[in-house]
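One structure below.
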Amino acid sequence: MTEYVFYHTEAVKEKKIDVKPSRYYESGGGFGFFKEKSLKSSHSCSLPELNTGFIPSPEFQQEIAIRQDEYGCYVDSKSMFIPLSFQADTGDQGNYLMTITLFAKEEEKEVLLFVGRRQLVWRGSLRAKEEWSGSFPVSISDFIPRGETGRFRDEAVKVTVISRSVRLKTLNIEKWKGKTLYLAGDSTVTDQNAQYPYNPAESYGGWGQMLPVFLNGNYAVSNHAHSGLTTESFRSEGHYEILMEQISDGDVCLFQFGHNDQKVDHLKAEGGYRNNLIQYILEIREKGAIPVLVTPLARNSWLENGKTYNDLLKEYAWEVMKLSESMGVPAVDLHETSMELLKEHGLKESGRWFYPSDYTHTNDYGAWKMAGFVWKGLADAGVISPDRKEAPEWEPPKESVRLSIDKGEHL
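Be aware that the sequence shown starts at 0, since it is given in numbering that gives the first Met the number 0, and climbs by one per residue.
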């Protein structure tokens, strides 16, 4: 086990690593805070899929200021929109358990904790002077980033705290032998990056990166979904090969495609799309793992200025459900539950769950909402054993809460 200590102390116990606020992560450096200069330290560090998933917006020209006191390290900022990110090399791949200790010097009404490529594992509040600890499994494997054709080797754990001034106090890292939940899909599933100052309403979010918060540490989530993928290109571009090298007996693998298959003539729902899913099901079963089909997330698409819902993916959703019945495969009907949500709230109000001016891709609030639907579907299908009856809510605000960078309201 490796333990990192972030609070100011005169003496650090043997085998514990003292982290100073000035220590920033760079390729080959072992560990450090992931800051703007980290992005420039190597090509791999510049790729959001291989770092913490948070990148500065073009307007953000400052450098994150990190301070330290007797309680830990924190971001010196006037708002809760600047990430405190830390990255540490492990020297190996596989599943690891991260035990994270936070301390709130003042009351914190909302704290977000991300691991890996911006996967949300905890959202909550802390009282003044409250110390909190949580343990979360993460999965580390090779990865093919967007725009790249070859594999990149990943051997690092990452943690990011979004808060007003919560202290990161300690981080313990150890090998973990639990099960992994794998994700295969497109941009609506993938681990999307986010710019900072962070605004969940204006950040692309895939439901796959929000799913860990609902699993409560029972699975490590390995998300190999990517923007633009089909049931065909997921295999041909090498993503499936990485997944198959890692997956083992008792693991779970979710497949959600359709958004991009419908753009390819030979991947029609009853044709190439169906055939590709059948092949995936058979191969995952050969590994002793559990395949799960997920119908494609519904688009916020309407006719007649929002009077009539326009279902653009119904053939693909139908095919998934037919396959589920004929092959005895667990299925999550995300298409139906998300479509019901959109019909209930209408075109304009449903836009709160989507990236601005986008009717396909959810923001972080929408990703949370859809992940809750998937979690409930997995529980109903008997794939997971939930420890609660209903998914918690994270409601988007009615008005934007983003502050002005020009006015220096973040630093």
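No residue lacks a Cβ here, since even glycine has one placed at the ideal position from N, Cα and C.
Tell me the residue span of the beta strand (DSSP E) that contains residue i.
i, result
"Glu129", "Glu129 to Ile139"
"Val114", "Glu107 to Val114"
"Glu2", "Thr1 to Val4"
"Leu266", "Leu266 -> no beta strand (DSSP E), and no H or E assigned at all."
"Lys15", "Lys15 to Asp17"
"Ala193", "Ala193 to Tyr195"
Between the C-alpha atoms of residue i and residue j, what's the straight-line distance to the nearest angstrom?
i, j, result
"Gly241", "Glu339", "Correcting the residue type first, residue 241 is Ile in the shown sequence and not Gly. Each residue's Cα considered, the two are about 35 Å apart."
"Phe254", "Lys321", "15 Å"
"Glu58", "Val328", "47 Å"
"Ser132", "Thr359", "36 Å"
"Phe256", "Val4", "42 Å"
"Tyr181", "Ser221", "5 Å"
"Tyr23", "Gly177", "31 Å"
"Ala224", "Glu13", "41 Å"
"Tyr354", "Thr8", "44 Å"
"Leu402", "Ser78", "Note on Leu402: pLDDT 43, under 50, position unreliable in the model; the coordinate value appears next. Near 8 Å, if we compare the C-alpha coordinates of Ser78 and Leu402."
"Phe80", "Leu170", "22 Å"
"Pro20", "Glu35", "14 Å"
"Gln411", "Ser134", "Past the boundaries of the shown model lies residue 411; the chain is included only from 0 to 410, so the question cannot be answered."
"Arg150", "Gly29", "21 Å"
"Thr27", "Val120", "Residue identity differs from the one stated: residue 27 is Gly in this sequence, not Thr. The straight-line gap from Cα to Cα measures roughly 27 Å."
"Met0", "Glu324", "45 Å"
"Thr98", "Val137", "11 Å"
Would you give the residue range spanned by the alpha helix (DSSP H) that residue i belongs to?
i, result
"Val74", "Looking at the DSSP string, Val74 is not in any alpha helix (DSSP H); the run it does join, the beta strand (DSSP E), is Gly71 to Val74."
"Arg284", "Arg273 to Glu285"
"Phe254", "From DSSP, Phe254 is part of no alpha helix (DSSP H) but of the beta strand (DSSP E) over Val251 to Gln255."
Strictly by DSSP, which residues pair up with residue i?
i, result
"Asn94", "Ser138"
"Glu173", "Leu96"
"Arg66", "Tyr73"
"Thr159", "Ser84 and Phe113"
"Phe30", "Ala87"
"Gln118", "Val114"
"Val220", "Leu180"
"Lys59", "The residue asked about is misnamed: residue 59 is Phe in this sequence, not Lys. Answer is none; Phe59 lacks a bridge partner."
"Tyr203", "Asn362"
DSSP state of residue i, grouped into three classes?
i, result
"Val293", "strand"
"Tyr181", "strand"
"Gly365", "helix"
"Gln208", "helix"
"Arg234", "helix"
"Leu167", "strand"
"Phe151", "strand"
"Trp374", "helix"
"Leu38", "helix"
"Pro20", "coil"
"Gly52", "coil"
"Leu402", "With a pLDDT of 43 at Leu402, under the threshold of 50, the predicted position of this residue should be treated as unreliable, though the coordinate-derived value follows. Leu402: coil per DSSP, three-state reduction."
"Leu125", "strand"
"Leu46", "coil"
"Leu101", "strand"
"Leu228", "coil"
"Asp190", "coil"
"Glu240", "helix"
"Asp248", "coil"
"Asp260", "helix"
"Gly270", "helix"
"Asp379", "helix"
Every unbroken alpha helix (DSSP H) inside the region 300-362 [4 residues or more]: Entirely contained in the region 300-362, the alpha helix (DSSP H) runs reaching 4 residues are, in chain order, 313-326 and 333-349.
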